[in-house]
Amino acid sequence: MSEPEDVLLDGAFAAYRQTLLAAVDPAGPNAARGTVRRRRRRAAGLVAAATVLAVAAPVAGWAALGRGSRPPAPPAQTGSPTPSPSPTPTPTFSPAPSAAPSGTPAAPNGRISRTELLGTPVDLPAWPPVAPATCRTEPVRLLPASTRESRPALLDLRYGDVDRDGAAETVALIGCLFGDVVAKQLVVFDRDSAGQISTLGGVIRTHDGFDDITETAVRTDGTVRVRVADVQACCGDPVRRQWRGYRWDRGRFVQVEGPTVMPPPPTTSPPGPRVTLTAETLLYGARQADGWRVASMAVEIGATGAAVEYPLVSFPRNDRDEAYTELWEYCVAVIEGSTTTTCVTEPLAAGERRWTLFPFRSKADGPNGEGTIRLDVGADRNGTVVPGTGRSATFEVRFEN
Numbered sequence: 003m004s005e006p007e008d009v010l011l012d013g014a015f016a017a018y019r020q021t022l023l024a025a026v027d028p029a030g031p032n033a034a035r036g037t038v039r040r041r042r043r044r045a046a047g048l049v050a051a052a053t054v055l056a057v058a059a060p061v062a063g064w065a066a067l068g069r070g071s072r073p074p075a076p077p078a079q080t081g082s083p084t085p086s087p088s089p090t091p092t093p094t095f096s097p098a099p100s101a102a103p104s105g106t107p108a109a110p111n112g113r114i115s116r117t118e119l120l121g122t123p124v125d126l127p128a129w130p131p132v133a134p135a136t137c138r139t140e141p142v143r144l145l146p147a148s149t150r151e152s153r154p155a156l157l158d159l160r161y162g163d164v165d166r167d168g169a170a171e172t173v174a175l176i177g178c179l180f181g182d183v184v185a186k187q188l189v190v191f192d193r194d195s196a197g198q199i200s201t202l203g204g205v206i207r208t209h210d211g212f213d214d215i216t217e218t219a220v221r222t223d224g225t226v227r228v229r230v231a232d233v234q235a236c237c238g239d240p241v242r243r244q245w246r247g248y249r250w251d252r253g254r255f256v257q258v259e260g261p262t263v264m265p266p267p268p269t270t271s272p273p274g275p276r277v278t279l280t281a282e283t284l285l286y287g288a289r290q291a292d293g294w295r296v297a298s299m300a301v302e303i304g305a306t307g308a309a310v311e312y313p314l315v316s317f318p319r320n321d322r323d324e325a326y327t328e329l330w331e332y333c334v335a336v337i338e339g340s341t342t343t344t345c346v347t348e349p350l351a352a353g354e355r356r357w358t359l360f361p362f363r364s365k366a367d368g369p370n371g372e373g374t375i376r377l378d379v380g381a382d383r384n385g386t387v388v389p390g391t392g393r394s395a396t397f398e399v400r401f402e403n
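Quick note: the sequence shown uses this note's numbering, first residue 3, plus one each step.
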């Protein structure tokens, strides 16, 4: 660039500075104080914004994680704060099945021991009509099962929550002997709010379509299971048994399982006669010096099939004819019953027939008439008859002048 051009530029810049400086207001003390105030306000705003962000960030995170997991706020403290101990895991408890709901008192424990039940008078439901008056109902002190008295006795115990109140009850089998038979009933006992033994109710009793209770059990759902039989088993007799179920419903036990009646006995044809019998006339002779008339009757007995070990020949007893048993033949035993006189004769082989004389005597002079004789198959030499195996025959009775 040439020197004249430099001179022109320097002049232009000098004129510009003079013009600009004239328009600028120099900063004094007031301007400095305003600048300081603006800077402080800006710094305070930044601090407030940072504080808001610091608080809002955890809150937003807690909301994102879910409010249900927040632990409860600690209680307010007074005085100087104390250091908090390290948190420990909170144990988890499973409620007991029998625990009563909050605010409801627990049901009394109805589990009663045999000793306590035998030592405490109790009330019983009614016995079947066939039971004697000694089989009482209230108040009753139960006897042990070994008793031979005709009074209520404790035979067996079972336990279970039969009324579903959360506590066990006592299921007792009670018996009362009369003759050779035991009347039985199943009774449930509980405790009242004072802890005293109370009778909840009767489940079932014999002689209501069956004659025996042989087994009992209590299921977890409260059902009382009972095994009943049509007869009380004895001497090899056939017995029909069945299980039934009962539940406590509105103040009483009702049947909910099993058959309600016993099936009819099987239809079997009774055995036919296994013997033959023939009797001739019983003829009394003239009166003797001692006042007796004597007669002998011939009787044929036989076995039609299998051998008969104990043939039983029986005569009805009456005021006219007296069995002269001292002279009876082939009798291994003579049984004098209240209505009959029976001769247990020697065994008959299969198909055998045998004639036997049976003497009688009488002080009567008549009248003429008829008599009856019976031949049965015996089960033993004690005169036990096998039903359906015998037959009867009629004979003539005559007196000579």
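Where a beta carbon is used, it is the ideal one built from N, C-alpha and C, also for glycine.
Asked                                                                                                                    : Found
Which of helix, strand or coil DSSP assigns to S86                                                                       : With a pLDDT of 47 at S86, under the threshold of 50, the modelled position of that residue is not reliable, and no figure is offered here.
Range of the contiguous alpha helix (DSSP H) that encloses T117                                                          : R116 to G121
K365 - containing beta strand (DSSP E), residue span                                                                     : Element bounds for K365: n/a, residue is neither H nor E.
Buried or exposed by the 16-neighbour rule on C-beta atoms within 10 Å, applied to S394                                  : exposed
Contact between the segment 312-320 and the segment 371-388 (3+ Cβ pairs under 8 Å)                                      : yes
Exposed unless 16 or more other CB atoms sit within 10 angstroms - verdict on C236                                       : exposed
Cβ neighbour criterion (16 or more within 10 Å) applied to Q198                                                          : exposed
DSSP beta-bridge partners of C333                                                                                        : T347
Buried versus exposed, by CB contacts within 10 Å (16 or more), E171                                                     : buried
Neighbourhood of E259 by C-beta distance below 6 Å, restricted to the same chain and skipping five residues each side    : G247
T149 in three-state terms, based on DSSP                                                                                 : coil
Beta-bridge partners of A301, as assigned by DSSP                                                                        : With the sequence shown as reference, residue 301 is identified as Val, and Ala is not the correct amino acid for it. DSSP, once it has assigned bridges, lists A281 and T358 as partnering V301.
Cut-off 6 Å between Cβ atoms - residues of its own chain near E402, not counting five sequence neighbours on either side : G287 and A288
Residue nearest to A325 in terms of C-alpha spacing, selected from R150, T342 and A309                                   : T342
Cβ-Cβ distance between R355 and E302 below 7 Å                                                                           : yes
Rounded distance between the beta-carbons of S364 and R322, thought under 8 Å                                            : 6 Å
Through-space distance from L126 to R207, alpha-carbon basis                                                             : 11 Å
Residues that DSSP places opposite C178 in a beta bridge                                                                 : A185
Short Cβ contact (7 Å threshold) for G203 with R254                                                                      : yes
Where the beta strand (DSSP E) through Y161 begins and ends                                                              : A155 to G162
W357 classed as buried or exposed, judged by whether at least 16 other C-beta atoms fall within 10 angstroms             : exposed
Assigned secondary structure, A311 (DSSP; H/G/I helix, E/B strand, else coil)                                            : Going by the sequence as given, residue 311 is Glu instead of Ala. Coil, per DSSP.
Outcome for T344 when other beta-carbon atoms lying within 10 angstroms are tallied against a minimum of 16              : buried
Y286 - partner residues in DSSP beta bridges                                                                             : F401
Proximity winner among P266, F317 and A291, relative to M299 (alpha-carbon distances)                                    : F317
Alpha-carbon to alpha-carbon, V183 and W330                                                                              : 39 Å
Under the three-state DSSP convention, the category E171 falls into                                                      : strand
Counted within 10 angstroms of its Cβ, other Cβ atoms place T391 as buried (16 or more) or exposed                       : buried
At least three beta-carbon pairs within less than 8 Å, the segment 222-234 to the segment 133-143                        : no
Outcome for T347 when other beta-carbon atoms lying within 10 angstroms are tallied against a minimum of 16              : buried
Test item: CB-CB of A352 and A381 under 7 Å                                                                              : no
Under the three-state DSSP convention, the category T136 falls into                                                      : coil
Secondary structure of T327, DSSP reduced to three states                                                                : helix
C-beta atoms of V164 and G121 nearer than 7 Å                                                                            : no
Per DSSP, cross-strand counterpart(s) of T201                                                                            : F191
CB contact flag (M264, F180, <7 Å)                                                                                       : no
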